[in-house]
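What follows is one structure encoded as C-alpha coordinates, with my remarks underneath.
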Amino acid sequence: MAQEEGLIQKQKLAMSDVRKRIAIFDHVGKKAGMDYYDSSLLKGFLHAGHEGYVFSNFSGLDAEHINYIPVYDGHSNANGLVKGLRLLFGTLRAAQLARKEKIDLVILHLFSANVVTLVLSAIPKLFGLKTAVISHDISSFAGNDSVAAVQGLIYNTLSDYIIVHNRFSYKTLMSNIKIKETNKVHVIKHGGYLDYVEQKIDKKEARRQLGLEEHARYILFFGQIKKVKGLDIVLEAMPDVDNNIHLIIAGKLWKDDFSYYDEIIKKHHLEDRIVKQVRFIKDDEREKYFIAADVNVLPYRTIYQSGVLLMAMSYGLPVIASDLPANKEIIADKKNGLLFQSENSLKLSEQISRYFNDDSLRDTISRNSIETIERNYNWDDIARAYLDIISNHRGDRE
1 MAQEEGLIQK QKLAMSDVRK RIAIFDHVGK KAGMDYYDSS LLKGFLHAGH EGYVFSNFSG
61 LDAEHINYIP VYDGHSNANG LVKGLRLLFG TLRAAQLARK EKIDLVILHL FSANVVTLVL
121 SAIPKLFGLK TAVISHDISS FAGNDSVAAV QGLIYNTLSD YIIVHNRFSY KTLMSNIKIK
181 ETNKVHVIKH GGYLDYVEQK IDKKEARRQL GLEEHARYIL FFGQIKKVKG LDIVLEAMPD
241 VDNNIHLIIA GKLWKDDFSY YDEIIKKHHL EDRIVKQVRF IKDDEREKYF IAADVNVLPY
301 RTIYQSGVLL MAMSYGLPVI ASDLPANKEI IADKKNGLLF QSENSLKLSE QISRYFNDDS
361 LRDTISRNSI ETIERNYNWD DIARAYLDII SNHRGDRE
(Lines of atoms letter the chains of each structure in order from A and count residues from 1; the text may use other names and numbers.)
(Lines give C-alpha, C1' and ligand atoms only; values in the text may rest on other atoms or scores of the structure.)
Protein backbone atom coordinates (compact mmCIF):
# COMPACT_ATOMS: atom_id res chain seq x y z
CA MET A 1 0.00 0.00 0.00
CA ALA A 2 2.77 2.43 0.93
CA GLN A 3 4.62 1.51 -2.27
CA GLU A 4 1.55 2.28 -4.43
CA GLU A 5 1.05 5.65 -2.77
CA GLY A 6 4.75 6.38 -3.19
CA LEU A 7 4.50 5.63 -6.89
CA ILE A 8 1.68 8.12 -7.25
CA GLN A 9 3.59 10.86 -5.45
CA LYS A 10 6.81 10.17 -7.38
CA GLN A 11 5.16 10.13 -10.80
CA LYS A 12 2.88 13.18 -10.46
CA LEU A 13 3.21 15.84 -13.12
CA ALA A 14 5.12 18.91 -11.97
CA MET A 15 2.31 21.22 -13.07
CA SER A 16 0.34 23.64 -10.94
CA ASP A 17 -2.41 24.35 -13.46
CA VAL A 18 -3.63 20.81 -14.23
CA ARG A 19 -7.36 21.11 -14.86
CA LYS A 20 -8.43 17.45 -14.92
CA ARG A 21 -7.29 14.16 -13.46
CA ILE A 22 -8.35 11.19 -15.58
CA ALA A 23 -7.94 7.54 -14.63
CA ILE A 24 -8.45 4.30 -16.53
CA PHE A 25 -9.45 1.17 -14.62
CA ASP A 26 -8.35 -1.65 -16.94
CA HIS A 27 -8.61 -5.20 -15.60
CA VAL A 28 -7.60 -6.66 -19.00
CA GLY A 29 -4.45 -4.68 -19.77
CA LYS A 30 -1.32 -6.04 -21.36
CA LYS A 31 -2.44 -9.58 -21.99
CA ALA A 32 -5.06 -8.36 -24.49
CA GLY A 33 -3.20 -5.42 -25.97
CA MET A 34 -5.21 -2.78 -24.12
CA ASP A 35 -1.95 -1.28 -22.82
CA TYR A 36 -1.53 0.43 -26.19
CA TYR A 37 -4.98 1.92 -25.98
CA ASP A 38 -4.66 3.14 -22.37
CA SER A 39 -1.19 4.63 -22.78
CA SER A 40 -2.05 6.38 -26.03
CA LEU A 41 -5.28 7.89 -24.69
CA LEU A 42 -3.68 9.18 -21.52
CA LYS A 43 -0.76 10.56 -23.53
CA GLY A 44 -3.37 12.63 -25.38
CA PHE A 45 -4.64 13.97 -22.06
CA LEU A 46 -1.06 14.66 -21.02
CA HIS A 47 -0.45 16.72 -24.18
CA ALA A 48 -3.54 18.78 -23.32
CA GLY A 49 -2.07 19.64 -19.92
CA HIS A 50 -3.96 17.15 -17.79
CA GLU A 51 -2.95 14.31 -15.49
CA GLY A 52 -3.39 10.61 -16.16
CA TYR A 53 -3.54 7.41 -14.13
CA VAL A 54 -3.77 3.78 -15.25
CA PHE A 55 -4.87 1.17 -12.73
CA SER A 56 -4.02 -2.09 -14.50
CA ASN A 57 -1.17 -4.60 -14.86
CA PHE A 58 1.51 -2.79 -16.91
CA SER A 59 3.63 0.33 -17.39
CA GLY A 60 3.60 2.04 -20.77
CA LEU A 61 4.23 5.27 -22.67
CA ASP A 62 5.51 8.31 -20.74
CA ALA A 63 5.86 6.38 -17.50
CA GLU A 64 7.69 9.38 -16.00
CA HIS A 65 4.51 11.46 -16.39
CA ILE A 66 1.58 9.02 -16.43
CA ASN A 67 0.86 7.20 -13.17
CA TYR A 68 0.79 3.41 -13.75
CA ILE A 69 -0.52 1.61 -10.67
CA PRO A 70 -0.43 -2.26 -10.85
CA VAL A 71 -3.56 -3.19 -8.92
CA TYR A 72 -4.48 -6.17 -11.15
CA ASP A 73 -1.02 -7.69 -11.51
CA GLY A 74 -0.87 -11.48 -11.44
CA HIS A 75 -4.56 -12.42 -11.73
CA SER A 76 -4.65 -13.82 -15.27
CA ASN A 77 -3.50 -17.39 -14.51
CA ALA A 78 -5.64 -17.88 -11.42
CA ASN A 79 -8.73 -20.09 -11.20
CA GLY A 80 -12.17 -18.55 -11.52
CA LEU A 81 -12.83 -17.82 -7.85
CA VAL A 82 -9.36 -16.48 -7.09
CA LYS A 83 -9.36 -14.41 -10.26
CA GLY A 84 -12.75 -12.95 -9.37
CA LEU A 85 -11.61 -12.02 -5.87
CA ARG A 86 -8.45 -10.40 -7.20
CA LEU A 87 -10.46 -8.40 -9.70
CA LEU A 88 -12.79 -7.31 -6.90
CA PHE A 89 -10.05 -6.27 -4.48
CA GLY A 90 -7.99 -4.70 -7.26
CA THR A 91 -10.90 -2.52 -8.31
CA LEU A 92 -11.66 -1.60 -4.70
CA ARG A 93 -8.03 -0.56 -4.25
CA ALA A 94 -8.10 1.43 -7.50
CA ALA A 95 -11.28 3.23 -6.46
CA GLN A 96 -9.87 4.00 -3.04
CA LEU A 97 -6.73 5.55 -4.54
CA ALA A 98 -8.71 7.38 -7.23
CA ARG A 99 -10.94 8.97 -4.60
CA LYS A 100 -7.92 10.01 -2.55
CA GLU A 101 -6.32 11.59 -5.63
CA LYS A 102 -9.58 13.42 -6.44
CA ILE A 103 -9.90 11.89 -9.91
CA ASP A 104 -12.31 13.83 -12.12
CA LEU A 105 -13.19 10.95 -14.44
CA VAL A 106 -12.73 7.16 -14.35
CA ILE A 107 -12.77 5.41 -17.73
CA LEU A 108 -13.86 1.76 -17.82
CA HIS A 109 -13.54 -0.71 -20.70
CA LEU A 110 -16.66 -2.80 -21.31
CA PHE A 111 -16.51 -5.87 -23.56
CA SER A 112 -19.56 -7.63 -22.15
CA ALA A 113 -22.40 -6.86 -19.79
CA ASN A 114 -22.65 -9.54 -17.13
CA VAL A 115 -22.59 -9.90 -13.36
CA VAL A 116 -18.79 -9.53 -13.15
CA THR A 117 -18.68 -6.32 -15.20
CA LEU A 118 -21.72 -5.07 -13.28
CA VAL A 119 -19.78 -5.34 -10.01
CA LEU A 120 -16.63 -3.79 -11.52
CA SER A 121 -18.72 -0.91 -12.87
CA ALA A 122 -20.49 -0.39 -9.54
CA ILE A 123 -17.36 0.00 -7.42
CA PRO A 124 -16.22 3.42 -8.74
CA LYS A 125 -19.76 4.75 -8.25
CA LEU A 126 -19.79 3.51 -4.65
CA PHE A 127 -16.74 5.71 -4.09
CA GLY A 128 -18.49 8.72 -5.61
CA LEU A 129 -16.43 8.76 -8.82
CA LYS A 130 -17.70 9.99 -12.19
CA THR A 131 -17.38 7.27 -14.85
CA ALA A 132 -17.24 6.94 -18.62
CA VAL A 133 -17.87 3.44 -19.96
CA ILE A 134 -16.30 2.58 -23.31
CA SER A 135 -18.59 0.01 -24.91
CA HIS A 136 -16.16 -1.85 -27.18
CA ASP A 137 -18.49 -4.73 -28.07
CA ILE A 138 -22.18 -3.89 -27.90
CA SER A 139 -23.09 -7.59 -27.87
CA SER A 140 -20.33 -9.73 -26.42
CA PHE A 141 -18.56 -12.16 -28.76
CA ALA A 142 -18.24 -14.41 -25.75
CA GLY A 143 -21.99 -14.89 -25.73
CA ASN A 144 -22.15 -14.14 -22.01
CA ASP A 145 -24.17 -10.95 -21.95
CA SER A 146 -26.65 -11.16 -19.12
CA VAL A 147 -30.27 -10.16 -19.08
CA ALA A 148 -31.36 -6.70 -20.17
CA ALA A 149 -31.63 -5.65 -16.52
CA VAL A 150 -27.85 -5.97 -16.07
CA GLN A 151 -27.16 -4.00 -19.24
CA GLY A 152 -29.62 -1.36 -18.09
CA LEU A 153 -27.92 -1.01 -14.72
CA ILE A 154 -24.48 -0.61 -16.25
CA TYR A 155 -25.47 1.83 -18.98
CA ASN A 156 -28.26 3.76 -17.25
CA THR A 157 -27.34 3.78 -13.57
CA LEU A 158 -23.59 3.20 -13.23
CA SER A 159 -22.23 5.29 -16.10
CA ASP A 160 -22.21 9.07 -16.44
CA TYR A 161 -21.04 8.85 -20.05
CA ILE A 162 -21.18 6.03 -22.60
CA ILE A 163 -18.55 5.99 -25.33
CA VAL A 164 -18.73 4.04 -28.60
CA HIS A 165 -16.12 4.14 -31.36
CA ASN A 166 -18.17 4.62 -34.52
CA ARG A 167 -21.61 5.30 -35.94
CA PHE A 168 -22.33 1.59 -36.42
CA SER A 169 -21.76 0.91 -32.72
CA TYR A 170 -23.90 3.90 -31.80
CA LYS A 171 -26.83 2.71 -33.90
CA THR A 172 -26.47 -0.85 -32.60
CA LEU A 173 -26.38 0.30 -28.99
CA MET A 174 -29.38 2.58 -29.36
CA SER A 175 -31.46 -0.05 -31.14
CA ASN A 176 -30.64 -2.92 -28.76
CA ILE A 177 -30.49 -1.29 -25.33
CA LYS A 178 -32.99 1.10 -23.79
CA ILE A 179 -30.84 4.09 -22.90
CA LYS A 180 -32.83 6.48 -20.71
CA GLU A 181 -30.56 9.51 -21.23
CA THR A 182 -29.52 9.37 -24.86
CA ASN A 183 -27.51 12.57 -24.57
CA LYS A 184 -24.88 10.77 -22.51
CA VAL A 185 -23.97 8.46 -25.43
CA HIS A 186 -21.04 9.82 -27.46
CA VAL A 187 -19.12 8.66 -30.51
CA ILE A 188 -15.36 9.03 -29.98
CA LYS A 189 -12.96 7.24 -32.30
CA HIS A 190 -10.47 4.52 -31.43
CA GLY A 191 -7.02 5.93 -32.19
CA GLY A 192 -4.12 4.61 -34.24
CA TYR A 193 -0.71 3.48 -33.06
CA LEU A 194 1.88 5.66 -34.77
CA ASP A 195 3.73 6.14 -31.47
CA TYR A 196 4.43 2.39 -31.38
CA VAL A 197 5.77 2.13 -34.91
CA GLU A 198 9.56 2.15 -34.84
CA GLN A 199 10.54 -0.12 -37.75
CA LYS A 200 14.12 -0.53 -36.60
CA ILE A 201 14.54 -3.29 -39.18
CA ASP A 202 13.48 -3.60 -42.82
CA LYS A 203 11.29 -6.26 -44.44
CA LYS A 204 14.24 -8.44 -45.43
CA GLU A 205 15.67 -8.52 -41.91
CA ALA A 206 12.25 -9.06 -40.31
CA ARG A 207 11.71 -12.09 -42.54
CA ARG A 208 15.14 -13.44 -41.75
CA GLN A 209 14.52 -13.19 -38.00
CA LEU A 210 11.11 -14.86 -38.36
CA GLY A 211 12.44 -17.65 -40.57
CA LEU A 212 10.34 -16.57 -43.58
CA GLU A 213 11.31 -16.80 -47.24
CA GLU A 214 12.86 -13.60 -48.54
CA HIS A 215 11.08 -13.52 -51.90
CA ALA A 216 7.74 -15.14 -51.08
CA ARG A 217 4.54 -13.13 -50.74
CA TYR A 218 2.90 -13.14 -47.33
CA ILE A 219 -0.64 -12.48 -46.13
CA LEU A 220 -0.93 -11.86 -42.38
CA PHE A 221 -3.85 -12.99 -40.23
CA PHE A 222 -3.10 -11.49 -36.82
CA GLY A 223 -4.91 -11.58 -33.48
CA GLN A 224 -7.13 -13.88 -31.46
CA ILE A 225 -8.43 -16.89 -33.37
CA LYS A 226 -12.18 -17.28 -32.89
CA LYS A 227 -15.08 -18.03 -35.18
CA VAL A 228 -16.16 -14.42 -35.71
CA LYS A 229 -12.67 -13.51 -36.95
CA GLY A 230 -13.13 -15.66 -40.08
CA LEU A 231 -9.81 -17.48 -40.40
CA ASP A 232 -11.66 -20.21 -42.29
CA ILE A 233 -12.73 -17.63 -44.89
CA VAL A 234 -9.17 -16.71 -45.82
CA LEU A 235 -8.12 -20.38 -45.79
CA GLU A 236 -10.89 -21.16 -48.27
CA ALA A 237 -9.61 -18.31 -50.46
CA MET A 238 -6.03 -19.59 -50.59
CA PRO A 239 -6.49 -22.24 -53.36
CA ASP A 240 -7.68 -19.48 -55.73
CA VAL A 241 -4.60 -17.27 -55.43
CA ASP A 242 -1.06 -17.72 -56.72
CA ASN A 243 0.91 -20.56 -55.13
CA ASN A 244 3.69 -18.14 -54.17
CA ILE A 245 1.32 -16.41 -51.78
CA HIS A 246 1.62 -17.71 -48.22
CA LEU A 247 -0.53 -17.14 -45.15
CA ILE A 248 0.90 -16.30 -41.72
CA ILE A 249 -1.44 -17.15 -38.84
CA ALA A 250 -0.22 -15.32 -35.74
CA GLY A 251 -2.38 -15.34 -32.63
CA LYS A 252 -3.75 -17.43 -29.80
CA LEU A 253 -6.92 -19.48 -29.76
CA TRP A 254 -9.87 -18.07 -27.84
CA LYS A 255 -12.69 -20.55 -27.21
CA ASP A 256 -11.98 -22.21 -30.54
CA ASP A 257 -10.46 -25.45 -31.82
CA PHE A 258 -7.66 -25.23 -34.38
CA SER A 259 -8.36 -28.74 -35.64
CA TYR A 260 -11.23 -27.20 -37.65
CA TYR A 261 -8.75 -24.99 -39.50
CA ASP A 262 -6.25 -27.83 -39.89
CA GLU A 263 -8.93 -29.80 -41.74
CA ILE A 264 -9.35 -26.95 -44.24
CA ILE A 265 -5.58 -26.70 -44.67
CA LYS A 266 -5.40 -30.44 -45.30
CA LYS A 267 -8.40 -30.44 -47.65
CA HIS A 268 -6.81 -27.81 -49.92
CA HIS A 269 -3.23 -29.15 -49.58
CA LEU A 270 -2.04 -25.86 -48.13
CA GLU A 271 0.47 -27.26 -45.63
CA ASP A 272 3.49 -25.76 -47.43
CA ARG A 273 1.85 -22.35 -47.73
CA ILE A 274 0.80 -21.82 -44.12
CA VAL A 275 3.02 -20.39 -41.36
CA LYS A 276 1.37 -21.28 -38.04
CA GLN A 277 2.20 -19.36 -34.88
CA VAL A 278 -0.87 -20.28 -32.85
CA ARG A 279 0.09 -18.71 -29.54
CA PHE A 280 0.35 -15.39 -27.78
CA ILE A 281 2.51 -13.05 -29.87
CA LYS A 282 4.80 -10.75 -27.88
CA ASP A 283 5.21 -7.11 -28.78
CA ASP A 284 8.61 -7.43 -30.46
CA GLU A 285 7.34 -10.33 -32.58
CA ARG A 286 4.23 -8.40 -33.54
CA GLU A 287 6.42 -5.62 -34.88
CA LYS A 288 8.35 -8.09 -37.04
CA TYR A 289 5.20 -9.68 -38.47
CA PHE A 290 3.69 -6.33 -39.43
CA ILE A 291 6.95 -5.37 -41.16
CA ALA A 292 7.51 -8.75 -42.81
CA ALA A 293 4.01 -9.18 -44.26
CA ASP A 294 2.84 -7.77 -47.61
CA VAL A 295 -0.79 -7.35 -46.62
CA ASN A 296 -3.00 -7.82 -43.56
CA VAL A 297 -6.29 -9.68 -44.10
CA LEU A 298 -9.24 -9.15 -41.76
CA PRO A 299 -12.01 -11.55 -42.90
CA TYR A 300 -14.21 -10.83 -39.88
CA ARG A 301 -17.84 -11.93 -39.75
CA THR A 302 -18.68 -9.43 -37.01
CA ILE A 303 -16.79 -6.45 -35.62
CA TYR A 304 -17.57 -3.25 -33.80
CA GLN A 305 -14.04 -1.85 -34.02
CA SER A 306 -10.74 -3.50 -34.93
CA GLY A 307 -7.55 -2.51 -33.16
CA VAL A 308 -5.64 -4.79 -35.55
CA LEU A 309 -6.94 -2.77 -38.50
CA LEU A 310 -5.71 0.49 -36.99
CA MET A 311 -2.39 -1.09 -35.99
CA ALA A 312 -1.77 -2.36 -39.54
CA MET A 313 -2.62 1.03 -41.05
CA SER A 314 -0.25 2.70 -38.57
CA TYR A 315 2.56 0.56 -40.02
CA GLY A 316 1.50 1.43 -43.56
CA LEU A 317 0.68 -2.26 -44.02
CA PRO A 318 -2.19 -2.46 -46.55
CA VAL A 319 -5.40 -4.10 -45.34
CA ILE A 320 -7.98 -6.27 -47.10
CA ALA A 321 -11.08 -6.38 -44.91
CA SER A 322 -14.65 -7.63 -45.05
CA ASP A 323 -17.14 -4.92 -45.94
CA LEU A 324 -18.73 -4.70 -42.52
CA PRO A 325 -20.15 -1.30 -41.49
CA ALA A 326 -17.45 -0.63 -38.88
CA ASN A 327 -14.68 -1.35 -41.41
CA LYS A 328 -16.31 0.82 -44.05
CA GLU A 329 -16.23 3.80 -41.70
CA ILE A 330 -12.42 3.61 -41.88
CA ILE A 331 -11.59 2.04 -45.25
CA ALA A 332 -12.34 3.63 -48.59
CA ASP A 333 -12.01 0.82 -51.12
CA LYS A 334 -8.91 1.05 -53.35
CA LYS A 335 -7.80 4.24 -51.57
CA ASN A 336 -6.57 3.33 -48.09
CA GLY A 337 -7.46 -0.38 -48.20
CA LEU A 338 -9.47 -3.02 -50.02
CA LEU A 339 -12.89 -4.37 -49.11
CA PHE A 340 -14.53 -7.65 -50.05
CA GLN A 341 -18.01 -9.05 -49.58
CA SER A 342 -18.21 -10.44 -46.07
CA GLU A 343 -17.96 -14.27 -45.79
CA ASN A 344 -17.30 -14.60 -49.54
CA SER A 345 -14.00 -16.44 -49.99
CA LEU A 346 -14.06 -16.06 -53.78
CA LYS A 347 -14.39 -12.28 -53.53
CA LEU A 348 -11.56 -12.27 -51.01
CA SER A 349 -9.31 -14.25 -53.35
CA GLU A 350 -10.09 -11.76 -56.15
CA GLN A 351 -9.03 -8.85 -53.96
CA ILE A 352 -5.85 -10.63 -52.90
CA SER A 353 -4.94 -11.27 -56.53
CA ARG A 354 -5.77 -7.66 -57.48
CA TYR A 355 -3.57 -6.39 -54.68
CA PHE A 356 -0.50 -8.45 -55.62
CA ASN A 357 -0.89 -7.71 -59.34
CA ASP A 358 -0.96 -3.92 -59.01
CA ASP A 359 2.22 -2.26 -57.70
CA SER A 360 0.70 1.21 -57.96
CA LEU A 361 -2.33 0.17 -55.90
CA ARG A 362 -0.10 -1.26 -53.17
CA ASP A 363 1.93 1.95 -52.90
CA THR A 364 -1.19 4.13 -52.87
CA ILE A 365 -2.89 2.12 -50.12
CA SER A 366 0.24 2.05 -47.96
CA ARG A 367 0.74 5.81 -48.21
CA ASN A 368 -2.91 6.64 -47.65
CA SER A 369 -3.17 4.28 -44.67
CA ILE A 370 -0.63 6.26 -42.67
CA GLU A 371 -2.19 9.56 -43.75
CA THR A 372 -5.61 8.31 -42.59
CA ILE A 373 -4.25 7.50 -39.13
CA GLU A 374 -2.43 10.82 -38.85
CA ARG A 375 -5.43 12.85 -39.97
CA ASN A 376 -8.44 11.03 -38.47
CA TYR A 377 -7.24 8.78 -35.65
CA ASN A 378 -4.97 11.03 -33.62
CA TRP A 379 -5.07 10.44 -29.85
CA ASP A 380 -4.66 14.15 -29.07
CA ASP A 381 -7.91 14.85 -30.92
CA ILE A 382 -9.57 11.91 -29.18
CA ALA A 383 -8.50 13.16 -25.74
CA ARG A 384 -9.93 16.59 -26.58
CA ALA A 385 -13.25 14.94 -27.46
CA TYR A 386 -13.37 13.39 -23.97
CA LEU A 387 -12.50 16.71 -22.39
CA ASP A 388 -15.28 18.37 -24.37
CA ILE A 389 -17.98 16.04 -23.10
CA ILE A 390 -16.91 16.15 -19.45
CA SER A 391 -16.53 19.93 -19.54
CA ASN A 392 -19.51 20.88 -21.67
CA HIS A 393 -21.80 17.81 -21.46
CA ARG A 394 -22.10 17.54 -25.21
CA GLY A 395 -20.61 15.29 -27.89
CA ASP A 396 -21.02 13.62 -31.22
CA ARG A 397 -24.38 11.87 -31.24
CA GLU A 398 -27.39 11.30 -33.46
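For the sequence shown, the numbering used here begins at 1 and goes up steadily by one. For glycine and all other residues, C-beta sits at the position ideal for the given N, C-alpha and C.
Sorted by chain position, which residues of the same chain lie with C-beta nearer than 8 Å to residue i's C-beta, five sequence neighbours on each side aside?
i: T131; result: L105, V106, I107, L108, S121, P124, K125, L158, S159, D160, Y161
i: R99; result: F127, G128, L129
i: G33; result: G307
i: I154; result: L110, A113, T117, L118, S121, V133
Are there 16 or more other CB atoms within 10 angstroms of the CB of residue i, so buried, or fewer, so exposed?
i: Y37; result: buried
i: S259; result: exposed
i: E425; result: Nothing about residue 425 can be read from this structure; the chain reaches only from 1 to 398.
i: N244; result: exposed
i: E51; result: buried
i: K30; result: buried
i: A216; result: exposed
i: E287; result: buried
i: N67; result: buried
i: N357; result: exposed
i: V319; result: buried
i: V57; result: The residue you asked about is not Val; residue 57 is Asn in the sequence shown. Buried.
i: D35; result: buried
Alpha carbon to alpha carbon, what distance is there between residue j and residue i?
i: I134; j: L110; result: 6 Å
i: K335; j: N368; result: 7 Å
i: D202; j: L324; result: 32 Å
i: V147; j: V164; result: 21 Å
i: R167; j: A113; result: 20 Å
i: R408; j: A321; result: One cannot answer for residue 408 here, as it falls past the ends of the chain, which runs 1 to 398.
i: L310; j: Y193; result: 7 Å
i: Y386; j: I188; result: 8 Å
i: E214; j: F290; result: 15 Å
i: K204; j: A292; result: 7 Å
i: K282; j: G251; result: 10 Å
i: L339; j: I382; result: 26 Å
Give every residue of the same chain whose Cβ lies closer than 6 Å to the Cβ of residue i, excluding the five residues on either side of it in the sequence, and list them in chain order.
i: S40; result: G191, W379
i: R273; result: H246
Taking 8 Å as the cut-off, is the CB of residue i close to at least one heavy atom of the ligand ATP?
i: K276; result: Among the components of this structure there are no ligands whatsoever, and the ligand ATP is therefore not found.
Going by C-alpha to C-alpha distance, which of the options sits closest to residue i?
i: Q96; options: F55, F221, G307, V82; result: F55
i: K229; options: E287, V308, I177; result: V308
i: V71; options: L338, H27, H65; result: H27
i: Q341; options: E329, L317, R301; result: R301
Can you find the residues in the same chain that come closer than 7 Å, C-beta to C-beta, to residue i, ignoring five residues on each side of it along the sequence?
i: I264; result: D232, L235, E236
i: K184; result: D160, Y161, I162
i: D240; result: L346, S349
Quick one: is residue i near chain B, going by C-beta distance under 9 Å?
i: I138; result: Note that chain B does not occur in the displayed structure, where there is just one protein chain.
* To do: Report the residue ranges of all alpha helix (DSSP H) runs contained in full by the stretch 303–336; include only those spanning at least 4 residues, in chain order.
  => List check, alpha helix (DSSP H) in window: 307–314, 325–328.
* Only counting runs of 4 or more residues, tell me where the alpha helix (DSSP H) segments fall wholly within the stretch 69–151, in order along the chain. => Counting whole runs of 4 or more residues, the stretch 69–151 contains the alpha helix (DSSP H) stretches 80–100, 115–126.
* Asked: Can you list, in chain order, the stretches of the alpha helix (DSSP H) that have 4 or more residues and sit fully within the stretch 234–300?
  -> Positions of the alpha helix (DSSP H) runs, each at least 4 residues long and wholly inside the stretch 234–300, are given as 259–267, 283–292 in order along the chain.
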